[in-house]
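> Residue numbers (our numbering): 133 to 389.
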Ligand code: NI
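1. Among 219, 367, 269 and 356, which has the Cα closest to the Cα of residue 330?
2. Mind checking whether residue 392 and residue 196 have CB atoms under 8 angstroms apart?
3. In whole angstroms, what separates the C-alpha of residue 161 from that of residue 154?
4. So what's residue 190 in DSSP terms, helix, strand or just coil?
5. Are residue 180 and residue 159 close, meaning C-beta to C-beta below 8 angstroms?
6. What are the partner residues of residue 338, as DSSP defines its beta bridges?
7. Should residue 227 be counted as a contact of ligand 3 given a C-beta to heavy atom distance under 7 angstroms?
8. Please classify residue 277: does DSSP put it in a helix, a strand, or coil?
9. Hey, would you say the C-beta of residue 196 is under 7 angstroms away from at least one heavy atom of ligand 1?
10. Below 8 angstroms CB to CB, which residues in the same chain sit around residue 202 once its five sequence neighbours on both sides are set aside?
11. Tell me which same chain residues have a C-beta within less than 6 angstroms of the C-beta of residue 374, skipping the five on either side of it?
12. Where does residue 355 land, buried or exposed, given buried means 16+ other C-beta within 10 angstroms?
13. Name the DSSP bridge partner or partners of residue 230?
14. Leaving out the 5 sequence neighbours to the left and right, which residues in its chain are closer than 8 angstroms to residue 357 when beta-carbon positions are compared?
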């Protein structure tokens with residue numbers, strides 16, 4: 133039987149400090165199979181690696197989120213690079229640009245985005261892209277670095293269908309989570325309906341962005357069935373089919389057999 137593949141979670145977050153293992157113990161009965169936990173700041177690198185090494189269903193992505201990129205140095209990045217050969221590491225991420233919070237300076241965000249794209253290329257790992265209110269610069273940098281040769285996912289996709297098609301053409305997957313269940317998420321519903329199911333992966337970005345009927349609460353992978361159901365509804369497909377195909381997509385994305 134196919135299982136839901138959670139492609140983007142942050143279980144190292146303090147929101148899970150008290151009951152992380154209790155959530156993990158419930159994954160199987162909610163049909164959640166594998167989970168990729170995603171690093172964001174420098175502190176989270178070793179936490180994510182540690183979680184992945186101690187849970188057989190869990191992998192991790194290592195990288196620095198644009199909003200947390202201010203303290204990065206070449207030496208610190210080299211330290212991350214050294215950990216990428218660990219077999220539990222399946223991607224570099226999350227990396228990208230965030231002009232919503234708009235800090236640190238855009239030039240700094242761009243610099244570390246570019247450095248980490250090249251780090252992923254060298255390590256032959258896909259990338260997990262975070263891009264918020266930075267559509268044009270993100271695409272421009274990815275094109276300049278021939279991201280189609282690197283591959284990966286644009287996570288928590290928040291742009292137009294037209295732009296989603298652009299990333300699909302580059303061979304990227306589109307990460308869709310709880311936002312797709314929001315009544316006012318017209319643009320994302322259009323994206324989910326408009327791109328091939330073979331290019332969609334399921335994600336939570338937990339503890340953030342819980343789907344309806346838990347909107348505003350702490351999110352976890354246990355709520356992913358609501359995301360699968362909404363995508364199935366939008367595409368006029370069986371939820372079962374959505375789970376099966378997106379699981380295969382995630383295996384291809386993270387290069388897991
Ligand atoms: Ni995230």
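Yeah, the Cβ is synthetic: ideal placement off N, Cα and C, and Gly gets one too. As the structure is a prediction and not an experimental result, all values here were calculated from the model.
With the given structure in hand:
1. Comparing Cα positions, the closest option is 367.
2. Because the chain spans 133 through 389 in this model, residue 392 falls outside it and cannot be assessed.
3. Using only the alpha carbons, I get a separation of about 12 angstroms.
4. Here DSSP, grouped into helix, strand and coil, assigns residue 190 to strand.
5. In this structure, residue 180 sits away from residue 159, with a CB-CB distance that is not shorter than 8 angstroms.
6. Its beta-bridge partners are 141.
7. This structure lacks ligand 3; its bound ligands are ligand 1.
8. Three-state result, residue 277: coil.
9. No, since every heavy atom of ligand 1 falls outside the 7 angstroms radius drawn around the Cβ of residue 196.
10. If we look at residue 202 and ignore the five residues flanking it on each side, its Cβ neighbours are 235, 236 and 240.
11. Only 360, 363 and 364 meet the Cβ criterion.
12. Buried: at least 16 other Cβ atoms inside 10 Å.
13. Answer by DSSP bridge pairing, in chain order: 264.
14. Counting only Cβ-Cβ distances below 8 angstroms, and skipping sequence neighbours, we find 136, 162, 163 and 371.
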